[in-house]
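Protein chains: 2
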Amino acid sequence: MLAKVYVTLKPGVLDPQGKAVRSSLASLGFLGVEDVRLGKYVELRLAETDPGRARAEVERMCERLLANTVIESYRVEVS
Amino acid sequence: MLAKVYVTLKPGVLDPQGKAVRSSLASLGFLGVEDVRLGKYVELRLAETDPGRARAEVERMCERLLANTVIESYRVEVS
Chain R
2 MLAKVYVTLK PGVLDPQGKA VRSSLASLGF LGVEDVRLGK YVELRLAETD PGRARAEVER
62 MCERLLANTV IESYRVEVS
Chain S
2 MLAKVYVTLK PGVLDPQGKA VRSSLASLGF LGVEDVRLGK YVELRLAETD PGRARAEVER
62 MCERLLANTV IESYRVEVS
């Protein structure tokens, strides 16, 4: 199965990298950008064939390694 | 408007960071992971209110800054 994981900073957590991207965009002439937030996107190909078990396994991977759950949240899609 | 951008490595481009994540997952006991590919996820809040113009502007941002189109592809969602 293919699992897609989206890791984003929780609301309220400062995102200096996003601010840097916003300011780079402004210096390129893109002045209509009010805010930029950066996150991670992870694709995993799994041997598991049961969608429910695959999702549960990927959620454990997020908790252990892929996301820092103090400051980040994650969303898992399995297909 | 809110734009979501997914930047991924093109097929065939080596992903050493993904390989490192896969091996870290294996060392944590997640042995059923066949492949990992890492990408970027960018959320942009735009002043633009027309969906078509917003998408076109974000695609220009991808070409200029957000993606390295030699090795990466991108997908834009506007809502």
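Protein sequence lines correspond, in order, to chains R and S. The first sequence begins at 2 in our numbering and counts up one residue at a time. The second sequence begins at 2 in our numbering and counts up one residue at a time. C-beta: ideal position from N, C-alpha, C; glycine also.
How many Å lie between Arg-56 of chain S and Met-62 of chain S at the Cα?
10 Å
Evaluate Thr-9 of chain R with the Cβ neighbour count: other Cβ atoms within 10 Å of its Cβ, from every protein chain shown; 16 or more gives buried, anything less gives exposed.
buried
Lys-11 of chain R versus R:Glu-64, R:Arg-38, R:Val-77 and R:Val-79, residue with shortest Cα-Cα distance
Per the Cα distances, R:Arg-38.
Residues in the same chain with beta-carbon distance under 6 Å from Gly-40 of chain S, minus the five sequence neighbours each way, listed in chain order, please.
Taken in chain order, the residues that qualify are Val-8 and Thr-9.
Residues bridged to Asp-36 of chain S [DSSP beta-bridge criterion]
R:Arg-46
From the DSSP output, in three-state form, read off Ala-68 of chain R for me.
coil
For Glu-73 of chain R, list the residues DSSP reports as bridge partners.
R:Leu-10
Please classify Ala-4 of chain S as buried or exposed, where buried requires at least 16 other C-beta atoms within 10 Å of its C-beta.
Of the other Cβ atoms in all chains shown, 16 or more fall within 10 Å of the Cβ of Ala-4 of chain S; this residue is therefore buried.
Figure out for me which residue from S:Gln-18, S:Val-43 and S:Glu-73 has the closest Cα to the Cα of Arg-23 of chain R.
S:Val-43
Val-77 of chain R burial status per 10 Å Cβ neighbour count (16 or more: buried):
Burial state of Val-77 of chain R is buried, judged by a 10 Å Cβ sphere holding 16 or more other Cβ atoms.
How is Leu-26 of chain S classed by DSSP in three states: helix, strand or coil?
helix
At the level of alpha carbons, what is the spacing between Gly-53 of chain S and Ser-28 of chain R?
23 Å
What residues from the segment 31-44 of chain R come within 9 Å of chain S, judged by C-beta to C-beta, listed N to C?
Phe-31, Leu-32, Gly-33, Val-34, Glu-35, Asp-36, Val-37, Arg-38, Leu-39, Gly-40, Lys-41, Tyr-42, Val-43 and Glu-44
Per DSSP, which one or two residues make a beta bridge with Lys-20 of chain S?
According to DSSP, which records beta bridges pairwise, Lys-20 of chain S is partnered with nothing at all.
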